[in-house]
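Colleague: Numbering (UniProt numbering), first residue to last: 1 to 261.
C-beta atoms are modelled at their ideal positions from N, C-alpha and C, and glycine is treated no differently.
Here the structure is a predicted model, which is why all the values come from computation and not from measurement.
First the structure, then my questions, so here it is.
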């Protein structure tokens with residue numbers, strides 16, 4: 001799937017300027033890719049009949065991740081059938097199936113997508129697979145590159161433990177920040193090493209610690225740690241930010257969330 005192109009060949013006159021406008025900022029891109037924007041366009045172009053989504057072909061559908069306008073979707077027709085993975089653009093209606101060999105399908109522990117249209121029109125997909133033949137419990141990490149439409153073996157690592165269910169695209173990589181398991185990031189600029197361990201992450205020592213959240217916001221990586229202060233009867237939210245220079249964390253915000261709860 002080419003994330004740059006529209007499904008309608010007659011709309012090139014408007015699509016090309018919109019592509020350029022999307023690169024101004026992520027805020028502009030979010031406005032252009034919003035459902036309201038595309039709805040306003042369809043109100044004035046009713047000639048084509050609406051097409052049903054390809055996702056309706058499958059009985060079981062699960063959105064694994066969204067990243068800057070693209071969706072990574074897991075589809076299957078039954079609980080016991082092979083899982084298929086698709087990258088789709090809900091605005092244009094275009095999609096691409098990620099072809100997996102029989103060997104690749106075995107032991108998949110997680111699939112993640114990275115896409116930053118301000119840097120490249122192409123996306124990358126990480127596939128984590130458990131290495132059953134390994135004595136140290138290492139995982140194989142493979143990368144799909146949409147520019148060349150191929151998978152590449154990158155690295156074996158022992159940093160990955162458990163199922164990969166989250167990951168945030170930031171600073172030319174995907175960051176996996178986990179409070180009870182090893183945290184790591186995959187750097188797309190470093191083909192020889194690939195995965196790097198994150199040894200220090202902020203911790204919450206209070207008894208009322210709640211579920212933490214990792215998110216990218218305006219080019220910054222934030223680690224949100226809410227906790228319930230029982231004695232003071234309020235919810236405290238600490239937001240840590242990662243420094244791009246030395247990759248350390250520092251406290252950016254601390255607030256009482258009670259007025260909003």
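Can you check the segment 227-251 for any alpha helix (DSSP H) of at least 4 residues that lies completely inside it and give the ranges in chain order?
Modeller: With a minimum length of 4 residues, no continuous alpha helix (DSSP H) run stays inside the segment 227-251.
Colleague: Is it true that the CB of residue 145 sits closer than 8 Å to the CB of residue 119?
Modeller: The answer is no: Cβ separation not under 8 Å.
Colleague: Opposite residue 254 in the DSSP bridges: which residues?
Modeller: 238.
Colleague: So the candidates are 188, 197, 225, 214; which of them puts its Cα closest to the Cα of residue 204?
Modeller: Looking at the Cα atoms, 225 is the closest of the given residues.
Colleague: In three-state terms, what does DSSP make of residue 57?
Modeller: The answer is helix: DSSP assigns residue 57 an H, G or I state.
Colleague: Would you mind sorting residue 150 into buried or exposed? The rule is 16 or more other CB atoms within 10 Å of its CB.
Modeller: Exposed.
Colleague: In angstroms, rounded to a whole number, what distance separates the CA positions of residue 71 and residue 185?
Modeller: Cα-Cα distance, rounded: 21 Å.
Colleague: Suppose the cutoff is 6 Å on Cβ atoms and the five residues either side in sequence are ignored; what does the same chain contact list for residue 129 look like?
Modeller: Counting only Cβ-Cβ distances below 6 Å, and skipping sequence neighbours, we find 107, 108, 140.
Colleague: Where does residue 267 land, buried or exposed, given buried means 16+ other C-beta within 10 angstroms?
Modeller: The question about residue 267 has no answer, for the chain in this structure spans 1 to 261.
Colleague: State the start and end residues of the unbroken beta strand (DSSP E) segment that holds residue 147.
Modeller: Premise fails: residue 147 is in no beta strand (DSSP E) and is neither H nor E.
Colleague: For the segment 56-110, list the alpha helix (DSSP H) runs that are entirely contained and at least 4 residues long, ordered along the chain.
Modeller: As far as the segment 56-110 is concerned, its whole alpha helix (DSSP H) runs of at least 4 residues are 102-105.
Colleague: Who are the Cβ neighbours of residue 69 in its own chain at under 6 Å, not counting the five residues just before and after it?
Modeller: For residue 69, where only same-chain residues beyond five positions count, the Cβ hits under 6 Å are 33.
Colleague: Report the three-state DSSP secondary structure of residue 197 (helix, strand or coil).
Modeller: Residue 197: strand per DSSP, three-state reduction.
Colleague: Helix, strand or coil: how does DSSP classify residue 30 here?
Modeller: Correct three-state label for residue 30: helix.
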